[in-house]
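**Q** Encoded as structure tokens, here's the structure I'll be asking about.
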Amino acid sequence: MLERTRSKKRTEITFVLPAGHPAGEVSVVGDFNDWRPGAHPMIERPDGSRAVTVAFPVDQQHGFRYLADGGHWLDEEGADGHDGRNCLLHT
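Residues in the sequence shown are numbered from 149 upward in steps of one, following my numbering.
Pasting the structure below:
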């Protein structure tokens, strides 16, 4: 799930995964962090879900995916689109 907070100059996107899915550590990777695993690790919240918030300039498009332990890639069902390989996010 993607949660958005938008102001005039930036959009904060909170990437959220449900509790227990997938097991192990997960990070958000994308063109905004040079696809570096661990650059934006997801942190467990009190309800068991995991999340990380990233600030972006407004009116941009980014490709991203989730990367879980063991090199498992996951897509975001609530993404703004998909380019055949990556999820797309519009800020």
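All C-beta atoms, glycine included, are put in the ideal place defined by N, C-alpha and C.
Have a look at Asp195 and Glu225 and give me their C-alpha separation to the nearest angstrom.
**A** To locate residue 195, count along the sequence shown from 1; it is residue 47. To locate residue 225, count along the sequence shown from 1; it is residue 77. For Asp195 and Glu225, the distance between alpha carbons rounds to 20 Å.
**Q** Opposite Val177 in the DSSP bridges: which residues?
**A** Indexing the sequence shown from 1 puts residue 177 at position 29. Val177 is bridged to Arg213.
**Q** May I ask you to report which of helix, strand or coil DSSP gives Gly232?
**A** In the sequence shown, the residue the question calls residue 232 occupies position 84. Annotated three-state conformation of Gly232 is coil, per DSSP.
**Q** Excluding the 5 residues preceding and the 5 following Ser197 in the sequence, name in chain order all residues of the same chain whose CB lies nearer than 7 Å to its CB.
**A** In the sequence shown, residue 197 corresponds to position 49, counting from 1. Val164, Leu165, Pro166 and Ala167.
**Q** If you drop the 5 nearest sequence neighbours on each side, which residues of the same chain put their C-beta closer than 6 Å to that of Thr201?
**A** Here residue 201 refers to the residue found at position 53 of the sequence shown. Glu160 and Thr162.
**Q** Give me the residue from His188, Asp207 and Asn181 with the minimum Cα distance to Glu173.
**A** On the sequence shown, residue 173 is found 25 positions in, with the first residue counted as 1. Residue His188 is the option with its Cα nearest to Glu173.
**Q** Considering only the alpha carbon of each residue, which of Leu150, Lys157 and Ile191 lies closest to Asp207?
**A** Within the sequence shown, the letter at position 59 stands for residue 207. Asp207 has its Cα closest to that of Lys157, out of Leu150, Lys157 and Ile191.
**Q** For Ser175, is the classification buried or exposed, using 16 other Cβ atoms within 10 angstroms of its Cβ as the cut-off for buried?
**A** Working through the sequence shown from its first residue, we reach residue 175 at position 27. Result: buried.
**Q** Within this structure, are the beta carbons of His238 and Gln209 separated by less than 7 Å?
**A** As a working note, residue 238 is residue 90 in the sequence shown. As a working note, residue 209 is residue 61 in the sequence shown. Yes. Within cutoff.
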